[in-house]
Structure formats: C-alpha cells, structure tokens
Amino acid sequence: MNFIAMDFETANGHRDSACSLALTIVKNSQVVDEFYSLIKPDSPFNWRNTQIHGIHESDVVDAPTFPEVWDHIQPLFNQNQLVIAHNAAFDNSVLKHSLEHFTLPRAKYLTLDTVKTSRQFFPTLPNHKLNTVSEALGIELEHHHNALDDSLACANILLYEANQFGIEPLKPFIHAV
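So in full-length UniProt numbering the end of the sequence shown lands on 177, straight run, no missing numbers.
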C-alpha cells in the first residue's frame, strides 16, 4: 500500500490558520519518510487551540509561511496520490483554505478518512477519535494533537485495517478531492 497520512493543527477556528503540518509517507506498506513543519499563520492564535496542541505564537515566529512549506511538499500531491487523514474533512479543508488564502492552485489528490473506515471496521468502539482507535488497535500515539504523532498513528490505523481486512473493502472509502 502506498499513501501519505496528513495532519494539520490550526492556530484558531479559521481553516486557513495552519500552524503545523505533518506527513507520514508509506510505500509498500512501510513508513519510509516523515515531514513535519511548524507554520507561521497570518492570523493570531486562539488560546483554545494552543491548549489542544501546545503550539504558541512564540513557537512560530521564525517558522516558514504556508506557501514556503507548500513549495517543499507540493510535488507529493497529484491526482493519483492517496492522502489520508483521521477526520479528513478537517485536514482537506485546511489544505484547501490555506491554498485559497495564498491564491495558490488547488491541490488534486485522492483521499480516505480513517474515521470513516474505523467506524466501518470497528463499530463497537465507544467513539472513533484518533486516540480511542489507536488504543483499541494497540497503535502508539505518544502525543495526541502533535501533527507528526497523529499522522503516524493515522498511517498505522490504515495499515492495520489493510492487513486485517484487505485492500478491497477500503476502496469504497477513496475519493478524489
């Protein structure tokens, strides 16, 4: 299985306020690379968001802007690339709104949401939050809401599902962005 697991954290409630991004790159069902960057957003931090992810405005003073980060990772995104996320609607929306905010071209890729797959394959869990699913499957999630730890856990959830149930049952969950 080849895919990229993506996770954003935001500075506030606005989807164009990315303050960190992580990508976990999987080739032949093995994690082969990781990318993590703090991002300096154009908008101020909300204390609630900082309370969740622990990133402060002072942490991103010297961080690259979203266009600088995108310039580095954009080649990874294409219409045939599967990019997964846990609650993909959020992460895909952050990417979309960040690109629009900086008038950058829309990214085209395939996506899959591991919240939806975990609901299908593990319906008896009390909820399908990343930490709950990870714990139930024995997947390490050291720092929940650290984008890199979250993207790695998300990748491992999909790898677990593919190993347990095969690729075919996952295909209906894949769609183009």
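For each residue, glycine too, the CB sits at the ideal point set by N, CA and C. Source: prediction; values computed, not measured.
#1: Could you give the residue range of the alpha helix (DSSP H) that holds Phe35?
#2: Using the C-alpha atoms, what's the distance from Ala147 back to Val69?
#3: For Arg15, is the classification buried or exposed, using 16 other Cβ atoms within 10 angstroms of its Cβ as the cut-off for buried?
#4: Among Val61, Met6, Thr50, Pro75, which residue has its Cα nearest to the Cα of Glu34?
#5: Which residue's Cα is closest to the Cα of Val32: Ala162, Leu152, Asn163?
#6: Under the rule that 16 or more other beta-carbon atoms within 10 Å means buried, what is Val61, buried or exposed?
#7: Could you tell me which residues DSSP puts in a beta bridge with Ser20?
#8: Under 8 Å: do the stretch 94-103 and the stretch 123-135 share three or more Cβ pairs, one atom per stretch?
#9: So, does the stretch 125-144 touch the stretch 167-177, judging by three or more C-beta pairs under 8 Å?
#10: Kindly confirm or deny that the stretch 137-144 and the stretch 154-164 touch, where touching means at least three C-beta pairs closer than 8 Å.
To lay it out plainly:
#1: One-based indexing of the sequence shown puts residue 35 at position 35. According to the DSSP assignment, Phe35 belongs to no alpha helix (DSSP H) but to the beta strand (DSSP E) extending over 30-38.
#2: Taking the first residue of the sequence shown as position 1, residue 69 is located at position 69. Taking the first residue of the sequence shown as position 1, residue 147 is located at position 147. Distance between the alpha carbons of Val69 and Ala147 is about 14 Å.
#3: For the purposes of this step, residue 15 is identified with residue 15 of the sequence shown, where counting begins at 1. Of the other Cβ atoms in all chains shown, 16 or more fall within 10 Å of the Cβ of Arg15; this residue is therefore buried.
#4: Within the sequence shown, residue 34 is the residue found at index 34, counting from 1. From the listed residues Val61, Met6, Thr50, Pro75, the smallest Cα separation to Glu34 is found for Met6.
#5: By 1-based counting over the sequence shown, the position of residue 32 is 32. Nearest C-alpha to Val32: Leu152.
#6: To locate residue 61, count along the sequence shown from 1; it is residue 61. Exposed.
#7: Counted from its first residue, the sequence shown places residue 20 at position 20. Answer by DSSP bridge pairing, in chain order: Glu9, Leu38.
#8: No, because fewer than three Cβ pairs between the stretch 94-103 and the stretch 123-135 fall closer than 8 Å, the two stretches do not touch.
#9: Three or more beta-carbon pairs separated by less than 8 Å are not found between the stretch 125-144 and the stretch 167-177, which leaves the two stretches without contact.
#10: As far as the Cβ criterion goes, the stretch 137-144 touches the stretch 154-164, which means the pair count is three or higher.
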